[in-house]
Amino acid sequence: MQDLDKLINRAAELLRQADSAVALTGAGHSTPSGIPDFRSPESGLWTQVDPLAVASLFAFRLRPQGFYDWIRPLARVMLEAQPNPGHHALAQLEKAGLLRSVITQNIDGLHQRAGSLRVHEVHGHMREATCIHCYRVVPAESLIEEFLAEGQVPRCTCGGVMKPNVILFGEQLPLNILTAARQDTMACDLMLVIGSSLTVEPVSDLPLMALGHGAKLIIVNYQPTHLDERADVLIHADLADVVPRIADAAINS
Ligand code: ZN
-16 MQDLDKLINR AAELLRQADS AVALTGAGHS TPSGIPDFRS PESGLWTQVD PLAVASLFAF
44 RLRPQGFYDW IRPLARVMLE AQPNPGHHAL AQLEKAGLLR SVITQNIDGL HQRAGSLRVH
104 EVHGHMREAT CIHCYRVVPA ESLIEEFLAE GQVPRCTCGG VMKPNVILFG EQLPLNILTA
164 ARQDTMACDL MLVIGSSLTV EPVSDLPLMA LGHGAKLIIV NYQPTHLDER ADVLIHADLA
224 DVVPRIADAA INS
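For the sequence shown, this note's numbering gives the first residue as -16, with consecutive numbering after it.
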């Protein structure tokens, strides 16, 4: 336990010393909020269907009902999920001027709901949906609620299918957001990787980019990552417990 305290204090010290710190968060950051990692085979969302067969852009265009049936349990959980103490801690760090931005692979919007202002959602989000026919963009919440109640594929007034603004398999990541994430990475002198096993490209390359120009690295994740050996501080523990303690120590000492 004393070792964990030491690691937390060291992480807080690095945050205080940094001129520009950036957090990179993955699915593990939202699992304490009850949201399963839908890319992980353990989530249960893989057991009945192969996500590549329903959650790819090709499959969506071919058979949107298959995608919507698959995402239905996840959408319900996401609508009801609340930010966890890790989300709140990152928002507090930003407010205190100790964190420049959050780069996230998550599509649940929980960082913003916790109060984070500068968030790069490289895999998109569920707040809006776009018509795949006329490209009209609309707020998604009422569409999703209606879909959850009735199970019908949401449609635009033009008759086209509405697609949530999440990035599907086989779809390009949004270039402007990825560019902003890379710029913050290039400008940072400290990166905190939280709740990501760094297996999904191209986001998994960002910590290497940061290390490449001399930034320090903090990793908080249950599972090992391929960069564990290069981390200045490595914590394999519950992020909802550890990240608030790091933030508290960084802000209040
Ligand atoms: Zn339309």
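Built from N, CA and C at the ideal position, the CB exists for glycine as well.
So the beta strand (DSSP E) ALA4 belongs to, where does it begin and stop?
Residue mapping note: residue 4 aligns to position 21 of the sequence shown, counting from 1. Residues 4 to 8.
Thinking C-alpha only, which one of LEU57, PRO227 and GLY142 is nearest ILE177?
Counting from one through the sequence shown, the residue named residue 177 turns up at place 194. Minimum Cα distance to ILE177 is reached at PRO227.
Is there at least one non-hydrogen atom of the ligand HEM closer than 6 angstroms to the beta-carbon of ARG44?
In the structure shown, the ligand HEM is absent; the only ligands present are the ligand ZN.
Please go through the same chain and pick out, in chain order, the residues whose beta-carbon is closer than 6 angstroms to the beta-carbon of ALA132, but skip the five residues on each side of it.
Translated into positions along the sequence shown, residue 132 becomes position 149. Within the same chain, ALA132 has no close Cβ partners at all.
Are LEU217 and ASP211 closer than 7 angstroms when you measure CB to CB?
Here residue 217 corresponds to residue number 234 of the sequence shown, with the count starting at 1. Here residue 211 corresponds to residue number 228 of the sequence shown, with the count starting at 1. In this structure, ASP211 lies closer than 7 angstroms to LEU217 by Cβ.
Where does CYS141 land, buried or exposed, given buried means 16+ other C-beta within 10 angstroms?
Position 158 of the sequence shown, counting from 1, holds the residue named residue 141. That one is exposed.
What separation, rounded to the nearest whole angstrom, lies between the Cα atoms of ARG(-7) and ARG(-1)?
Within the sequence shown, numbered from 1, the residue matching residue -7 stands at position 10. Within the sequence shown, numbered from 1, the residue matching residue -1 stands at position 16. Cα to Cα, ARG(-7) sits roughly 10 angstroms from ARG(-1).
Across the stretch 166 to 183 and the stretch 2 to 15, are there enough close Cβ pairs to call them in contact, namely three or more that are closer than 8 angstroms?
Judged by Cβ distances under 8 angstroms, the stretch 166 to 183 makes contact with the stretch 2 to 15, as three or more pairs qualify.
What residue range does the alpha helix (DSSP H) around THR168 cover?
Taking the sequence shown and counting its residues from 1, the one referred to as residue 168 is at position 185. Start and end: 158 to 170.
I'd like the ranges of any beta strand (DSSP E) spanning at least 3 consecutive residues and lying wholly in the stretch 84 to 115.
The qualifying runs are 84 to 87, 102 to 104 and 107 to 114.
Examine chain C for any beta-carbon lying closer than 7 angstroms to the beta-carbon of VAL85, and answer yes or no.
The chain labelled as chain C is not found in the depicted structure, where only one protein chain is given.
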